[in-house]
Amino acid sequence: KIAFLLKPDSGPISEESTEYARRIMKIIEYFCYFIILFTFYRTFFPARVRDEDTDDFSNELRRLKKERQIW
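Just so you know, the sequence shown maps onto residues 5 to 75 in our numbering.
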């Protein structure tokens, strides 16, 4: 489809258009592989975020997390 969109108004699809379309499709393919591998990596090795905030709001949130919630 990319090569068809890049084709000149008259005549067949040029070789440059098909090469460009192949290059774009490879980039999209490798980007999809990257997303899949990154998702796999983060599934088994999640990011560890440290809770180092010391402001009053963060301390209040920590205190509320520790309390038992009765609704």
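Think of the CB as a built atom: it goes at the ideal place given N, C-alpha and C, for glycine as much as any other residue.
Self-check item: Sequence ranges, alpha helix (DSSP H) only - wholly within the stretch 13 to 64, length at least 4
Solution: For the stretch 13 to 64, whole alpha helix (DSSP H) runs of length 4 or above, ordered along the chain, are 19 to 48.
Practice problem: Counting only the same chain and skipping the five closest in sequence on each side, list residues whose C-beta sits under 7 Å from that of T58. | Solution: Listed in chain order, the non-local C-beta contacts of T58 below 7 Å within the same chain number zero, local neighbours out to five positions each way being set aside.
Quiz prompt | Pair within 9 Å by beta-carbon distance, R66 and D55 | solution = Yes, the Cβ-Cβ distance between R66 and D55 is below 9 Å.
Quiz item: Taking the alpha-carbon positions, what's the S62 to K70 distance?
Solution: Taking the CA atoms as reference points, S62 sits about 13 Å from K70.
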